[in-house]
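Chemist:
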Amino acid sequence: MAKADMAKRQRPLTVDIPRPGDEQPVWSRVGVIALVGFVIGVAWPRLAGVRVGPSVPGDAKPTAESAAASAAPAAAAAAPGTAEPEAKPPEAAKNQQQVVVGPGRITRCSDKKSKKIEDCGELQFDPIALPRLKQLAECPAALGVDGKLPIGFELNFEKKEVQVVKGKKATLPGSTVSGILQCAAREFSNVSLEEVPHKYRRYSLVYTATFVPPGAQAEAAKTEVGSGEQEKAAGTTTSETAASGLATVSWDTALVRGAPKEGDVVMRLVRGTRVKLVGRQNDWYKIEHRGKTGWVYRGSIGL
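The working numbering puts the first residue of the sequence shown at 1, with every later residue one more than the last.
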């Protein structure tokens, strides 16, 4: 072994220097390798539909358009459900407490000396009372109540006070009546009597409130309490007829309105004022005073 190693070490060293032509690559071989790499890395994924990287904006546009097109039918199908809100069933309105109230009835009126008057005429208190009485359906004591409750009112125009009192012949339990009357007192606590035409100092009125529980029909109650209104309206007209002559205001303050009953107040006339009559519509007279015209209730003037 030692001799063999010595023989290898004694061999002369040779250095091969390549020629310039040997260092040049074989271009035919490089071309084949490049062609194979292009087919594998670029052409084949495109032909197979495989994406090997993020898409460019130009490639993403058709995809977005196709997605929008596919979503359009679904949106169109959902549009009817969102454009039109779901209608509430007719029974929904019946599942609420209701209060049906007829017109008020004057039971008493008196002058300054508290002397009872036989003919009290009319009093325009219904426009104030009816909406507030119907709000009693939201009173906690009235929930689920079924029956009638006459509700009385004491109007004191001298002190400008409205007092709520219990009427007679109520068909509701006593504890329920007390709670409802307390709610009514709160409803009328801020009522002003300034806009109510009147002839006497004090009036007593009564309204019959019919409480209809949720789910019950109110048609019968409406017919019953509305019969008075129908009888009152029978034979009346809404057309204006001619009137002539002079009259004198008999109330402390007579409100002159732009239209009968619920028109805006255009004038206030004190007792003793002379006016000219120019027209009439039911219980209202059209008067003229100092170049202005308006409507007054027949009870406020002496003919």
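From the three backbone atoms N, C-alpha and C, an ideal C-beta is built for every residue, glycine too.
Just the C-alpha distance for I287 and D252, rounded to the nearest angstrom, thanks.
Modeler: So the two alpha carbons sit approximately 17 Å from each other.
Chemist: Under the three-state reduction of DSSP, which class applies to G291: helix, strand or coil?
Modeler: Reduced to three states, the DSSP call for G291 is coil.
Chemist: Tell me which residues share the same chain as F188 and place their Cβ nearer than 7 Å to its Cβ, disregarding the 5 neighbours each side in the sequence.
Modeler: Excluding sequence neighbours, F188 sits near R132, V162, V164.
Chemist: Starting from I106, follow the beta strand (DSSP E) in both directions and report where the run begins and ends.
Modeler: 105 to 110 is the extent of the beta strand (DSSP E) around I106.
Chemist: What are the partner residues of E161, as DSSP defines its beta bridges?
Modeler: DSSP output for E161 lists N156 as bridge partner(s).
Chemist: Roughly how many whole angstroms lie between the Cα atoms of I117 and Q97?
Modeler: So the two alpha carbons sit approximately 39 Å from each other.
Chemist: Report the three-state DSSP secondary structure of Q124 (helix, strand or coil).
Modeler: If DSSP states are grouped into helix, strand and coil, Q124 belongs with coil.
Chemist: Let's see if you can read the secondary structure: which residues bound the beta strand (DSSP E) around S204?
Modeler: Its beta strand (DSSP E) spans residues 202 to 212.
Chemist: What is the residue span of the alpha helix (DSSP H) that G179 lies within?
Modeler: Where G179 is concerned, the enclosing alpha helix (DSSP H) stretches over 174 to 187.
Chemist: Determine contact between the segment 263 to 270 and the segment 289 to 298, defined as no fewer than three beta-carbon pairs at a distance below 8 Å.
Modeler: Output reads yes: the segment 289 to 298 touches the segment 263 to 270.
Chemist: Report, in whole angstroms, the separation of the C-beta atoms of V296 and W284, which I expect to be a contact under 8 Å.
Modeler: Confirmed, Cβ separation roughly 7 Å.
Chemist: Just the Cα atoms here: how many angstroms apart are A247 and L143?
Modeler: When rounded, the distance between both Cα atoms is 51 Å.
Chemist: Is it the case that the Cβ atoms of L149 and V177 are separated by a distance below 8 Å?
Modeler: Cβ atoms of L149 and V177: closer than 8 Å.
Chemist: Please report the distance separating the alpha-carbon of L181 from that of I151.
Modeler: Distance between the alpha carbons of L181 and I151 is about 8 Å.
Chemist: Would the beta-carbon of K199 fall within 8 Å of that of S300?
Modeler: Yes. Within cutoff.
Chemist: Counting only the same chain and skipping the five closest in sequence on each side, list residues whose C-beta sits under 8 Å from that of V145.
Modeler: Only Q97, L172, T176, I180, F211, P213 meet the Cβ criterion.
Chemist: By a C-beta neighbour count over all protein chains shown, 10 Å radius and 16 as the cutoff for buried, is P127 buried or exposed?
Modeler: Exposed.
Chemist: Provide the residue(s) that pair with K166 in DSSP beta bridges, ordered along the chain.
Modeler: DSSP, once it has assigned bridges, lists I151 as partnering K166.
Chemist: To the nearest whole angstrom, what separates the beta carbons of V191 and K134, a pair I think is in contact under 8 Å?
Modeler: Actually they are not in contact, since the Cβ atoms of V191 and K134 sit about 15 Å apart, beyond 8 Å.
Chemist: Enumerate in chain order the residues of its own chain whose CB-to-CB distance from R105 is below 7 Å, with the five nearest sequence positions on each side excluded.
Modeler: So the qualifying residues of the chain are L205, V206.
Chemist: So, using beta-carbon positions, are R271 and G294 closer together than 8 Å?
Modeler: For R271 and G294, no; Cβs fall outside 8 Å.
Chemist: Tell me the rounded alpha-carbon separation between A170 and G147.
Modeler: Computed Cα separation, rounded: 8 Å.
Chemist: Helix, strand or coil: how does DSSP classify R298 here?
Modeler: In the structure shown, R298 sits in a helix (DSSP, three-state: H, G or I).
Chemist: Quick one: is T208 buried, meaning 16 or more other Cβ sit within 10 Å of its Cβ, or exposed?
Modeler: With 16 or more other Cβ atoms within 10 Å, it is buried.
Chemist: Going by beta-carbon coordinates alone, are S250 and G302 separated by less than 8 Å?
Modeler: Going by C-beta atoms, S250 is nearer than 8 Å to G302.
Chemist: Please return the same chain residues whose Cβ sits closer than 6 Å to the Cβ of C120, not counting the five positions on each side in sequence.
Modeler: So the list reads I106, C109, once near-sequence residues are dropped.
Chemist: Please classify G245: is it buried, with 16 or more other beta-carbons within 10 angstroms of its beta-carbon, or exposed?
Modeler: It counts as exposed.
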